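K.L.:
I'd like to ask you about the structure that follows.
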Amino acid sequence: LGIDLTTLGLNLNSADNLHKTFGSPWSDEPAKGDPEFNVPQCYY
Amino acid sequence: DLGAIGDGLSTPPANPGGVHDQSYNLQMLEAAFYKLPQPKDSERAKSYTPRHPAVTPPSYPQVQAPIVNNPAFWERLGADNYGTDTLFFAFYYQQNTYQQFLAAKELKKQSWRYHRKYNTWFQRHEEPKVATDDFEQGTYVYFDFHIANDEQHGWCQRIKTDFTFEYNYLE
Amino acid sequence: EPDPAGFREQVSMLFAEWYRICELPGASESAYAHYVIQLHQSGLLKGDDASDRFFRLLMELSVSHCLSSEVISSGPSQSHLVPLSFLAIDIYAKLVYSVLKFYPVDQGVSKLSLLPKVLAVTVKFIQKDSEEKKISFNPRPYFRLFINWLLDFCSLEPVFDGANFQVLTALANAFHALQPLKVPGFSFAWLELVSHRSFMPKLLTANAQKGWPYFQRLLVDLFQFMEPFLRNAELGEAVHFLYKGTLRVLLVLLHDYPEFLCDYHFSFCDVIPPSCIQMRNIILSAFPRNMRLPDPSTPNLKIDLLAEISQSPRILSEVDAALKTKQIKSDIDEYLKTRQQGSLFLTELKQKVLLSPTESARAGTRYNVPLINSLVLYVGMLAIQQLQARTAAHSQSMASSGVSYPVYLVGAALDIFQSFIMDLDTEGRYLFLNAVANQLRYPNNHTHYFSFILLYLFSESNQEVIQEQITRVLLERLIVNRPHPWGLLITFIELIKNPRYNFWSRSFTRCAPEIEKLFESVSRSCG
Numbered sequence: 037l038g039i040d041l042t043t044l045g046l047n048l049n050s051a052d053n054l055h056k057t058f059g060s061p062w063s064d065e066p067a068k069g070d071p072e073f074n075v076p077q078c079y080y
Numbered sequence: 024d025l026g027a028i029g030d031g032l033s034t035p036p037a038n039p040g041g042v043h044d045q046s047y048n049l050q051m052l053e054a055a056f057y058k059l060p061q062p063k064d065s066e067r068a069k070s071y072t073p074r075h076p077a078v079t080p081p082s083y084p085q086v087q088a089p090i091v092n093n094p095a096f097w098e099r100l101g102a103d104n105y106g107t108d109t110l111f112f113a114f115y116y117q118q119n120t121y122q123q124f125l126a127a128k129e130l131k132k133q134s135w136r137y138h139r140k141y142n143t144w145f146q147r148h149e150e151p152k153v154a155t156d157d158f159e160q161g162t163y164v165y166f167d168f169h170i171a172n173d174e175q176h177g178w179c180q181r182i183k184t185d186f187t188f189e190y191n192y193l194e
Numbered sequence: 106e107p108d109p110a111g112f113r114e115q116v117s118m119l120f121a122e123w124y125r126i127c128e129l130p131g132a133s134e135s136a137y138a139h140y141v142i143q144l145h146q147s148g149l150l151k152g153d154d155a156s157d158r159f160f161r162l163l164m165e166l167s168v169s170h171c172l173s174s175e176v177i178s179s180g181p182s183q184s185h186l187v188p189l190s191f192l193a194i195d196i197y198a199k200l201v202y203s204v205l206k207f208y209p210v211d212q213g214v215s216k217l218s219l220l221p222k223v224l225a226v227t228v229k230f231i232q233k234d235s236e237e238k239k240i241s242f243n244p245r246p247y248f249r250l251f252i253n254w255l256l257d258f259c260s261l262e263p264v265f266d267g268a269n270f271q272v273l274t275a276l277a278n279a280f281h282a283l284q285p286l287k288v289p290g291f292s293f294a295w296l297e298l299v300s301h302r303s304f305m306p307k308l309l310t311a312n313a314q315k316g317w318p319y320f321q322r323l324l325v326d327l328f329q330f331m332e333p334f335l336r337n338a339e340l341g342e343a344v345h346f347l348y349k350g351t352l353r354v355l356l357v358l359l360h361d362y363p364e365f366l367c368d369y370h371f372s373f374c375d376v377i378p379p380s381c382i383q384m385r386n387i388i389l390s391a392f393p394r395n396m397r398l399p400d401p402s403t404p405n406l407k408i409d410l411l412a413e414i415s416q417s418p419r420i421l422s423e424v425d426a427a428l429k430t431k432q433i434k435s436d437i438d439e440y441l442k443t444r445q446q447g448s449l450f451l452t453e454l455k456q457k458v459l460l461s462p463t464e465s466a467r468a469g470t471r472y473n474v475p476l477i478n479s480l481v482l483y484v485g486m487l488a489i490q491q492l493q494a495r496t497a498a499h500s501q502s503m504a505s506s507g508v509s510y511p512v513y514l515v516g517a518a519l520d521i522f523q524s525f526i527m528d529l530d531t532e533g534r535y536l537f538l539n540a541v542a543n544q545l546r547y548p549n550n551h552t553h554y555f556s557f558i559l560l561y562l563f564s565e566s567n568q569e570v571i572q573e574q575i576t577r578v579l580l581e582r583l584i585v586n587r588p589h590p591w592g593l594l595i596t597f598i599e600l601i602k603n604p605r606y607n608f609w610s611r612s613f614t615r616c617a618p619e620i621e622k623l624f625e626s627v628s629r630s631c632g
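Protein chains in written order, with this note's numbering: chain A, 37 to 80; chain B, 24 to 194; chain C, 106 to 632.
Now the structure itself:
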């Protein structure tokens, strides 16, 4: 009958993109380290 | 037909056809199962190069504390009305870093708006007297970070009346 | 050929010197640039054999340094592993990155021209190492090397702006060359790399989706590797682990890039075994983000009134590829247009979907599944095109004649489908019904058409064995854990609710108490 996919540690109802915090296919820990960010040129 | 994409790289390995039989694949997969990439394998040592390195006592922290990358830390600063100065400090002295990104996010949450021409943050002191599609006009608080020459009044908040904030300079 | 005499020593010294530069406190970019210029002047960066040797030796040095620090514990718990030292790997990765960054452009050669060459050396090195080491092959140094490059190359450094797509495709080609079927020992590292947040999202969003074919190829590579293992539901620990990892990646794609899964569903279904129902459901459940799906269990849902059911879904897969390989595309076109040589053509067609004994041993089925899939969708698409062109004219007259089915249930396409459902054996029928059910997705004219085809075949076949099999195909897709495709739900609900089909009067709905219970629970969950 397959797996209850809600147990794989991914919040499918999240309004944010999942790939930003996707750490690894092997664990449901969110990604470590600086997430992706952009600062506009005018901030430099 | 995807082969057309620079496929020179997929030259098969030593054995013809480059494909192994199923039991070989399973054997290799099971061996690899005991050599999974570890979470640490993906983490690189945090390299921190200060903008203007200076010799400091070794007992001082030499790298940034992890908490400065924790959004909750910046949210707390944003919520604390004495934290705004710290947000401005990070914004003007930590250029192009995740800290600057988080500080800007918190400032926006506190209704500060960045003016690209003046490189300055403005906040409405009251509802604007005039507001069109292109600009708004009224009294604003702005953060004056200029400390130039003998002018000692920088790095504080000031009030400006009759200021026109043109939206094309809104970041 | 062996390396020239002294070459290895020279490379070792150069690497040691690079290490010193990197380790200097406050190492400056200008020092890196200077070193790269020196390398270039020494002729080692020409992209010729010498530079291939150079990078291969550097790789050899850094991998052997890394592996020499390894102690392996026996058994699955890995806490005894002494962490590998990636120092040399990191330094090598940084050298390659610096070579690309500071490569003197005034030579008229693009900064990135060396990248495919370095990656080619890397791929060959890994392939050779895995062939030689077999089960003692260790993927982790290579995983670390690529992680460095993903984080460096795919960073938004101005120097690489605009060249990002070239970098991404070069990496995608390298990963394709290192696919699990070719380097099975690299499979876990490979999946983590191709799904890495510094690679997959960039490839899928860069350059107006031009990266999609690359990532689709990588997913197909993964499915092709897993297919023989997934055929029988008993998965060993390693395969199950890989399978679960794949589900996670698919869920990220389903959530963040549903359109990608939608537009390539056909290619993916071709390489997923029919028994792998949940994974296939994830792909078939994807729907465009701007679409709102009405709840299938809404009473009296008027599907016909949905605007989307007259719109064709975007299909980026090459639907007729298998027909072309089998050289039957033109016959199909001819038959759909003219319907000549009816029975002869249909009889031959049923032969052509069979595999030769050797092929079927390898494929685990007597049938050419991609050909059946291609046939069903291709014929359906042509039927829809033909009939949509004529619908306006006909639909009035047919309605007045009292025929309750929409006009597009007549024609050559139906001949083909009916001959399959009536004349193929159980396995053939199952695969044919699967190909039809794979089109029951989000609201679009394929879903609408194939939903009617399925229901029409159910009511017209008047053979319970066929009606039972149609029900089984729908049911096996509904009893697995979510997600369930929208088109599947509305088709099943229509089947059990619409008195036209007399569903509950069929004996197979009551053939055993648990079957009865099953039907009740599924129909209840469908509202």
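Think of the CB as a built atom: it goes at the ideal place given N, C-alpha and C, for glycine as much as any other residue. As the structure is a computational prediction, the values presented were derived from the model and not from experiment.
For C/Pro333 and chain B, any beta-carbon pair shorter than 8 Å?
P.N.:
To locate residue 333 of chain C, count along the third sequence from 1; it is residue 228. So, interface residue.
K.L.:
Using a Cβ cut-off of 8 Å (strictly closer), state whether A/Pro61 contacts chain B.
P.N.:
For the purposes of this step, residue 61 of chain A is identified with residue 25 of the first sequence, where counting begins at 1. With a threshold of 8 Å between beta carbons, A/Pro61 makes no contact with chain B.
K.L.:
Does A/Asn67 get closer than 8 Å to chain C when you measure Cβ to Cβ?
P.N.:
Reading the first sequence from its first residue, position 31 is the one you call residue 67 of chain A. It is Ala, not Asn, that sits at residue 67 of chain A in the sequence shown. Judged by the 8 Å Cβ criterion, A/Ala67 is in contact with chain C.
K.L.:
In terms of residues, what are the limits of the beta strand (DSSP E) holding A/Gly59?
P.N.:
Locating residue 59 of chain A in the first sequence gives position 23, counting from the first residue. From DSSP, the beta strand (DSSP E) with A/Gly59 extends over Phe58 to Ser60.
K.L.:
Would you kindly work out how many angstroms separate the C-alpha atoms of C/Glu106 and C/Leu162, rounded to a whole number?
P.N.:
In the third sequence, counting from the first residue as 1, residue 106 of chain C sits at position 1. In the third sequence, counting from the first residue as 1, residue 162 of chain C sits at position 57. Going by the C-alpha atoms only, they are around 14 Å apart.
K.L.:
Assuming contact is defined by CB atoms lying nearer than 8 Å, are C/Leu296 and C/Val228 in contact in what I supplied?
P.N.:
Looking up residue 296 of chain C in the third sequence gives position 191. Looking up residue 228 of chain C in the third sequence gives position 123. Not a contact, by the Cβ cut-off of 8 Å.
K.L.:
Can the beta-carbon of C/Ser235 be found closer than 8 Å to that of B/Leu52?
P.N.:
As a first step, residue 235 of chain C must be located in the third sequence, where it is residue number 130. As a first step, residue 52 of chain B must be located in the second sequence, where it is residue number 29. Contact: no.
K.L.:
Residues of chain A with a CB under 8 Å from the CB of B/Ala127: which are they?
P.N.:
Counting from 1 along the second sequence, the entry for residue 127 of chain B is found at position 104. By Cβ distance, chain A contributes Val75 and Tyr79.
K.L.:
Using a Cβ cut-off of 9 Å, which residues of the region 188-203 of chain C contact any Cβ in chain B, in chain order?
P.N.:
The region 188-203 of chain C vs chain B, Cβ under 9 Å: Pro188, Leu189, Phe191 and Asp195.
K.L.:
My output table needs one value for C/Ala540: the three-state DSSP class, helix, strand or coil.
P.N.:
What you label residue 540 of chain C is simply residue 435 of the third sequence in a count that begins at 1. Three-state result, C/Ala540: helix.
K.L.:
Tell me the DSSP bridge mates of B/Cys179?
P.N.:
Looking up residue 179 of chain B in the second sequence gives position 156. Looking at the DSSP assignment, B/Cys179 forms a beta bridge with B/Asp167.
K.L.:
Taking contact to mean 3 or more Cβ pairs, one atom from each stretch, closer than 8 Å, check whether the region 560-580 of chain C and the region 421-439 of chain C are in contact.
P.N.:
no
K.L.:
So, does the CB of A/Leu54 fall closer than 8 Å to a CB anywhere in chain C?
P.N.:
Against the first sequence, residue 54 of chain A aligns to sequence position 18. Interface residue, yes.
K.L.:
Candidates C/Glu565, C/Ser147 and C/Tyr547: which alpha carbon is nearest C/Asp520's?
P.N.:
Within the third sequence, numbered from 1, the residue matching residue 520 of chain C stands at position 415. Nearest option by C-alpha distance: C/Glu565.
K.L.:
Whether or not the region 324-339 of chain C and the region 378-394 of chain C are in contact is what I'm after, with contact meaning three or more pairs of Cβ atoms, one per stretch, closer than 8 Å; do they touch?
P.N.:
yes
K.L.:
Just to make sure I have the definition right: I need the residues of chain A whose C-beta is within less than 8 Å of the C-beta of C/Arg587. Which are they?
P.N.:
If you number the third sequence from 1, residue 587 of chain C lands on position 482. Ordered by position in chain A, the residues that pass the 8 Å Cβ test against C/Arg587 are Leu41.
K.L.:
Does DSSP classify A/Asp64 as helix, strand or coil?
P.N.:
Start at 1 with the first residue of the first sequence, and residue 64 of chain A comes out as number 28. Here A/Asp64 sits in strand by DSSP.
K.L.:
Is C/Gln232 buried or exposed, if buried means 16 or more other CB atoms sit within 10 Å of its CB?
P.N.:
Your numbering for residue 232 of chain C matches position 127 in the third sequence. Per the 10 Å Cβ criterion, buried.
K.L.:
What residues from chain A crowd round B/Glu189, counting only those whose CB sits closer than 8 Å?
P.N.:
Along the second sequence, one-based indexing puts residue 189 of chain B at 166. Correct list: empty, because the minimum Cβ distance to chain A is about 14 Å.
K.L.:
Could you tell me which chain B residues have their CB closer than 9 Å to the CB of C/Ser215, listed as they occur along the chain?
P.N.:
Taking the first residue of the third sequence as 1, we reach residue 215 of chain C at position 110. The contacting residues do not exist; C/Ser215 stays about 14 Å from chain B at best.
K.L.:
When the Cα of B/Pro89 is compared with those of B/Tyr121, B/Thr107, B/Phe168 and B/Glu194, which residue comes out closest?
P.N.:
Position 66 of the second sequence, counting from 1, holds the residue named residue 89 of chain B. Of the candidates B/Tyr121, B/Thr107, B/Phe168 and B/Glu194, the one whose C-alpha sits nearest the C-alpha of B/Pro89 is B/Tyr121.
K.L.:
Chain B partners of C/Arg245, CB-CB under 9 Å?
P.N.:
By one-based count along the third sequence, residue 245 of chain C stands at place 140. Going along chain B in sequence order, the residues near C/Arg245 (Cβ under 9 Å) are Lys58, Leu59, Pro60, Gln61 and Asp64.
K.L.:
So, helix, strand or coil for C/Arg615, using DSSP?
P.N.:
Within the third sequence, numbered from 1, the residue matching residue 615 of chain C stands at position 510. The answer is helix: DSSP assigns C/Arg615 an H, G or I state.
K.L.:
How long is the line joining the alpha carbons of C/Met331 and C/Ala468, rounded to whole angstroms?
P.N.:
Locating residue 331 of chain C in the third sequence gives position 226, where the first residue counts as 1. Locating residue 468 of chain C in the third sequence gives position 363, where the first residue counts as 1. Approximately 13 Å, taken between the alpha carbons.
K.L.:
Is it buried or exposed, B/Tyr190, if we count other Cβ atoms within 10 angstroms and call 16 or more buried?
P.N.:
Position 167 of the second sequence, counting from 1, holds the residue named residue 190 of chain B. Exposed, by the Cβ-count rule.
K.L.:
Along the chain, where does the beta strand (DSSP E) containing B/Trp135 start, and where does it finish?
P.N.:
Taking the first residue of the second sequence as position 1, residue 135 of chain B is located at position 112. Per DSSP, B/Trp135 belongs to the beta strand (DSSP E) from Trp135 to His138.
K.L.:
Are the C-beta of B/Gln50 and some C-beta of chain C separated by less than 8 Å?
P.N.:
As a working note, residue 50 of chain B is residue 27 in the second sequence. In terms of beta-carbon proximity, B/Gln50 lines the interface with chain C, with at least one pair separated by less than 8 Å.
K.L.:
Does the region 102-114 of chain B come close enough to the region 127-143 of chain B that 3 or more CB-CB pairs lie under 8 Å?
P.N.:
yes
K.L.:
What residue range is occupied by the uninterrupted alpha helix (DSSP H) comprising C/Trp591?
P.N.:
By 1-based counting over the third sequence, the position of residue 591 of chain C is 486. Taken as a continuous stretch (DSSP letters only), the alpha helix (DSSP H) holding C/Trp591 covers Trp591 to Lys602.
K.L.:
Hey, is B/Tyr165's beta-carbon within less than 8 Å of any beta-carbon in chain A?
P.N.:
Within the second sequence, the letter at position 142 stands for residue 165 of chain B. No, B/Tyr165 lies away from the interface with chain A (no Cβ there is under 8 Å from its Cβ).
K.L.:
DSSP on A/Leu54, reduced to helix/strand/coil?
P.N.:
Working through the first sequence from its first residue, we reach residue 54 of chain A at position 18. Coil at A/Leu54, not helix or strand.
K.L.:
Going by DSSP in three states, B/Val153 sits in which element: helix, strand or coil?
P.N.:
Position 130 of the second sequence, counted from the start, is the residue given in the question as residue 153 of chain B. Note: B/Val153 maps to strand in three-state DSSP.
K.L.:
With respect to the alpha helix (DSSP H) encompassing B/Gln146, which residues constitute its N-terminal and C-terminal limits?
P.N.:
Here residue 146 of chain B refers to the residue found at position 123 when the second sequence is read from its first residue. No alpha helix (DSSP H) contains B/Gln146, which is instead part of the beta strand (DSSP E) from Thr143 to Arg147.
K.L.:
Output needed for C/Val344: all residues of its chain with C-beta closer than 8 Å, excluding positions within five of it in sequence on either side, in chain order.
P.N.:
Taking the third sequence and counting its residues from 1, one reaches residue 344 of chain C at position 239. Hits under 8 Å: Met331, Phe334 and Leu335.
K.L.:
Around the Cβ of C/Ile437, are there at least 16 other Cβ atoms within 10 angstroms (buried) or fewer (exposed)?
P.N.:
Mapped onto the third sequence, residue 437 of chain C falls at position 332. C/Ile437 should be labelled buried.
K.L.:
Report the three-state DSSP secondary structure of C/Tyr319 (helix, strand or coil).
P.N.:
Here residue 319 of chain C is taken as the residue at index 214 of the third sequence, counted from 1. If DSSP states are grouped into helix, strand and coil, C/Tyr319 belongs with the helices.
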